[in-house]
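Asker: If you count the sequence shown from 1, you need to add 395 to reach our numbering.
Positions of the beta carbon are idealized from the N, C-alpha and C atoms, including for glycine.
Attaching a single structure in structure tokens format; questions to follow.
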Amino acid sequence: MQQAIKSSSFYDFSRLIGTSKVMRQIYDQVRQVAATNTTILLQGETGTGKELIAQALHYHSLRATKPFIKVNCGALLESLIEADLFGYERGAFTGAENSKLGRFELAEGGSLLLDEVGELSLAAQAKLLRLLQTREFERLGGTETLHADVRLIAATNRQLDQEAAKGRFRTDLYYRLNVFTITLPALRERREDIGTLSEHFLAKHAHEHSKSIRRFAPETIDLLLAYSWPGNVRELENTIERAVVICDTNVIHHYHLPPDLQTLRIATTVNNKGLAEAVNAYERELLCEALQNAHGNRGQAAKLLKISERLLSYKIKKHNIVNADFCW
């Protein structure tokens, strides 16, 4: 077994972006547990990358050639959760004209990710508990006992221990799931990775949208680093994609970012700068917007600002604005 794991090129984490200390600890945990059949509980806020970690656990295990099946427990109707997980026999309920395999059977020999496991009903939790205890289950409406050879990975954005204390999650199931827990940090707790993630998403979405966008303006980077990112990595990626879509130059500027970050920029300017510095910042913004609208043409930009081209050139030099960033 150890030989098989060593031959996997020390685990390829190319889809996991981040070199911060906390992320390196996550990678170490994945390495430690991937080769086992241990049940894994992934905890973390929405958008922190729990599914990517689940995929890394699967594809760097001895089950890598077998199926990786994901089910979002929060997206299923409560009346259909058991049928979806465990399958059903013909006639088990109205509309069940044929037998159907459940997710556990589809994942046979591989891994099953139960995303948002905290959303399961107490009845479904009871069946899941039995499966974890005995590795056996029956399809809905069936009598044949089936064996499950599946590595279970559960993910949640809830604190299951608190949910159990409130009676909303079975305590015995929580302890069954909580064998090896990996807690993913919020993006605000790994700010040193924001730059790397932003560059990755910029390259990805510029390629997808056939844009020749090269980089972020310095002020844009400052805003990305200062924002709290309540939606975590998913929100960051969506923000970068939006900026790529509306950007018509080869540089992403602050005005390509959504309103929440624009508000942050205004607040930061007011709170952290004196009058002279705030005026300079506003002047720079006006210059950039004029150059943006004129596609880098200084003559047109000067007309928009109602100043001479000579004065515009002076101010561009004063504010260290790269004229070529606005040419396209």
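Along the chain, where does the beta strand (DSSP E) that runs through residue 627 open and close?
Answerer: Within the sequence shown, residue 627 is the residue found at index 232, counting from 1. Not the beta strand (DSSP E): residue 627 falls in the alpha helix (DSSP H), residues 627-641.
Asker: Just checking my contact of residue 611 with residue 593 at CB under 8 Å: how many whole Å lie between their CB atoms?
Answerer: Sequence index remark: in the sequence shown, residue 611 carries index 216 (1-based). Sequence index remark: in the sequence shown, residue 593 carries index 198 (1-based). With 8 Å as the limit, residue 611 and residue 593 qualify as a contact, their Cβ atoms being about 7 Å apart.
Asker: Excluding the 5 residues flanking residue 483 on each side, which residues of the same chain have their C-beta closer than 6 Å to its C-beta?
Answerer: Numbered from its first residue, the sequence shown carries residue 483 at position 88. Result list for residue 483: 491, 495, 534, 535 and 536, in chain order.
Asker: Return yes when the Cβ of residue 441 is within less than 8 Å of the Cβ of residue 627, no when it is not.
Answerer: Here residue 627 corresponds to residue number 232 of the sequence shown, with the count starting at 1. Here residue 441 corresponds to residue number 46 of the sequence shown, with the count starting at 1. A contact, by the Cβ cut-off of 8 Å.
Asker: Within 10 angstroms of the Cβ of residue 665, are there 16 or more other Cβ atoms? Answer buried if so, exposed if not.
Answerer: As a first step, residue 665 must be located in the sequence shown, where it is residue number 270. In this prediction, residue 665 scores a pLDDT of 49, lower than 50, which makes its location untrustworthy; no coordinate-derived value is stated.
Asker: So, helix, strand or coil for residue 542, using DSSP?
Answerer: Within the sequence shown, numbered from 1, the residue matching residue 542 stands at position 147. Here residue 542 sits in strand by DSSP.
Asker: Quick one: residues in its chain with C-beta nearer than 8 Å to the C-beta of residue 591, no 5 flanking neighbours on either side, listed in chain order?
Answerer: Numbered from its first residue, the sequence shown carries residue 591 at position 196. If we look at residue 591 and ignore the five residues flanking it on each side, its Cβ neighbours are 412, 413 and 414.
Asker: Relative to the C-alpha of residue 513, which residue among 489, 566 and 606 is closest?
Answerer: For the purposes of this step, residue 513 is taken as the residue at position 118 of the sequence shown. Among 489, 566 and 606, the Cα nearest to that of residue 513 belongs to 566.
Asker: Looking at C-alpha atoms only, which residue of 717, 619, 579 and 578 is the closest neighbour of residue 597?
Answerer: Walking along the sequence shown from the start, residue 597 turns up at place 202. Taking only the C-alpha atoms, the option nearest residue 597 is 619.
Asker: Classify residue 472 as helix, strand or coil using the three-state DSSP reduction.
Answerer: Within the sequence shown, numbered from 1, the residue matching residue 472 stands at position 77. In the structure shown, residue 472 sits in coil (DSSP, three-state: anything other than H, G, I, E or B).
Asker: If I measure Cβ to Cβ from residue 682 and keep anything under 8 Å in the same chain, skipping five residues before and after, which residues do I get?
Answerer: As a working note, residue 682 is residue 287 in the sequence shown. Only 696, 700, 707, 710, 711, 714 and 716 meet the Cβ criterion.
Asker: Three Cβ pairs or more, each shorter than 8 Å: is that satisfied between the region 553-561 and the region 419-426?
Answerer: The region 553-561 vs the region 419-426: no contact.
Asker: Just mark residue 643 as buried or exposed, buried being the case when its beta carbon has 16 or more other beta carbons within 10 Å.
Answerer: As a working mapping, residue 643 is identified with position 248 in the sequence shown. Exposed: under 16 other Cβ atoms inside 10 Å.
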